[in-house]
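Sequential numbering from 6 applies to the sequence shown in this note's numbering.
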Amino acid sequence: METQNLTEGVSMPRIGDKAPVFKAVTTQGEINFPLQYQGSWIILFSHPADFTPVCTSEFMTFASMEDQFVKANCKLVGLSVDGLYSHIAWLRTIKEKIEYRGMKNLEIKFPLIEDITMEVAKKYGMIQPGESSTKAVRAVFVIDPKGIIRTIIYYPLSLGRNFDELYRVIVALQTADAFSVATPADWRPGDDVIVPPAGSCGAAKERMEGKQEMTCYDWFFCTKKIDKEKVLSTILKKQE
């Protein structure tokens with residue numbers, strides 16, 4: 006029985022799956038997820054508990070970057086297994102009392118899900134019994150405008166997330182989709198992107214002879230330039 010419980014706790018969707026559907030009460034009212042977010046990218050993220058220091062630093066960072074994510078057509082949705090009134094009290098405390106790294110008076114405008122039954126957390130495999138059976142780990146699910154899971158990142162309770170990386174993921178995924186390319190290690194807008202491998206011997210020969218506008222290190226590894234301005238003008242959405 007114990008093994009079955011552990012297995013149940015870590016069941017989770019995979020990259021390429023449809024995001025599990027749920028309705029939930031949040032600090033911004035009831036949501037129907039991910040249906041009401043169709044057409045937008047989503048970061049669904051869990052945190053272990055309200056009124057904890059690492060989570061407080063993360064929520065403040067997300068709040069300070071929310072406009073940046075919105076301009077990239079990305080909505081934020083948080084979750085923990087705490088109740089709604091705990092959420093509200095914690096977010097009020099953040100706004101009224103906490104100053105951290107120059108951030109203060111921050112209002113958390115994105116929804117924070119109440120999940121005291123752990124129903125949503127279990128659907129998304131956010132409860133990792135080896136870490137904690139009563140708290141969600143720091144999970145991140147990036148979901149595209151069609152409701153497909155595109156990225157999954159997990160952090161333990163003690164490790165705060167890198168929010169520049171989460172933003173980079175959103176921009177990189179949209180760049181890959183828009184330009185039919187891949188992005189290399191540590192890619193940032195303006196860096197070279199990777200062209201898909203040649204699909205024939207003739208195409209591979211043309212690449213190596215320099216007959217296309219790209220840089221080839223070998224027949225299977227070619228890059229090309231996409232200007233930073235072109236990437237950002239394609240990806241970033243101005244607020245109405």
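The beta-carbon is built from N, C-alpha and C at its ideal position, and this holds for glycine as well.
(Q) I'd like to know whether the C-beta atoms of Lys23 and Gly152 end up nearer to each other than 7 Å. (A) As a first step, residue 23 must be located in the sequence shown, where it is residue number 18. As a first step, residue 152 must be located in the sequence shown, where it is residue number 147. It is a contact, given that the beta carbons lie within the stated cut-off.
What do you reckon, are the CB atoms on Leu84 and Phe115 nearer than 7 Å? The residue you call residue 84 lines up with position 79 of the sequence shown. The residue you call residue 115 lines up with position 110 of the sequence shown. No. Outside cutoff.
Problem - Cα-Cα separation between Glu124 and Ile231, rounded to whole angstroms - result: Here residue 124 corresponds to residue number 119 of the sequence shown, with the count starting at 1. Here residue 231 corresponds to residue number 226 of the sequence shown, with the count starting at 1. Cα-Cα distance, rounded: 43 Å.
| request: Tell me the start and end of each unbroken alpha helix (DSSP H) in the region 152-234 that is at least 4 residues and wholly inside, in chain order. | output: 168-184, 206-213
**Asked** Can at least three beta-carbon pairs, one atom from the region 138-154 and one from the region 92-112, be found at a separation below 8 Å?
**Response** no
Query raised in the report: When you compare each of Lys140, Glu101, Thr32 to Asn110 by their alpha carbons, which one comes out closest?
Result: Numbered from its first residue, the sequence shown carries residue 110 at position 105. The residue with the shortest Cα to Cα distance from Asn110 is Glu101.
When we look at the beta-carbon of Tyr90 and count the other beta-carbons within 10 Å, is it buried (16 or more) or exposed?
Within the sequence shown, the letter at position 85 stands for residue 90. Tyr90 should be labelled exposed.
| CA nearest to the CA of Asp120, picked from Lys28, Leu237, Val236 | Stepping through the sequence shown from its first residue, residue 120 is reached at position 115. The option with the nearest alpha carbon to Asp120 is Lys28.
Cβ neighbours of Pro25 in the same chain (closer than 7 Å, five flanking residues each side left out):
On the sequence shown, residue 25 is found 20 positions in, with the first residue counted as 1. Taken in chain order, the residues that qualify are Pro18, Lys128, Tyr129.
*asked:* If I measure Cβ to Cβ from Val145 and keep anything under 6 Å in the same chain, skipping five residues before and after, which residues do I get?
replied: Taking the sequence shown and counting its residues from 1, one reaches residue 145 at position 140. Closer than 6 Å at Cβ, skipping near neighbours: Phe50, Ile158.
**Q.** Runs of alpha helix (DSSP H) wholly within the region 44-105 (minimum 4 residues, chain order)
**A.** 58-76, 89-102
**Q.** Helix, strand or coil at Lys128 [DSSP, three-state]
**A.** On the sequence shown, position 123 is the one that residue 128 refers to. Three-state result, Lys128: helix.
Report the rounded CA-to-CA distance for Gln9 versus Ala141, giving the unit in angstroms.
Counting from 1 along the sequence shown, the entry for residue 9 is found at position 4. Counting from 1 along the sequence shown, the entry for residue 141 is found at position 136. Note that Gln9 has pLDDT 40, beneath the 50 cutoff, so the model's placement of it is unreliable and the number below is only indicative. Gln9 and Ala141: Cα-Cα distance of roughly 19 Å.
Next on the checklist: Suppose the cutoff is 6 Å on Cβ atoms and the five residues either side in sequence are ignored; what does the same chain contact list for Cys227 look like?
Outcome noted: Start at 1 with the first residue of the sequence shown, and residue 227 comes out as number 222. Excluding positions up to five away in sequence, the list reads Val200, Arg212, Met219, Cys221.
Where the beta strand (DSSP E) through Glu119 begins and ends
Along the sequence shown, one-based indexing puts residue 119 at 114. 117-119 is the span of the beta strand (DSSP E), which, as asked, contains Glu119.
TODO: Over the uninterrupted beta strand (DSSP E) stretch that includes Lys28, give me the two end residues.
DONE: Taking the sequence shown and counting its residues from 1, the one referred to as residue 28 is at position 23. Counting along the chain, the beta strand (DSSP E) containing Lys28 begins and ends at 27-31.
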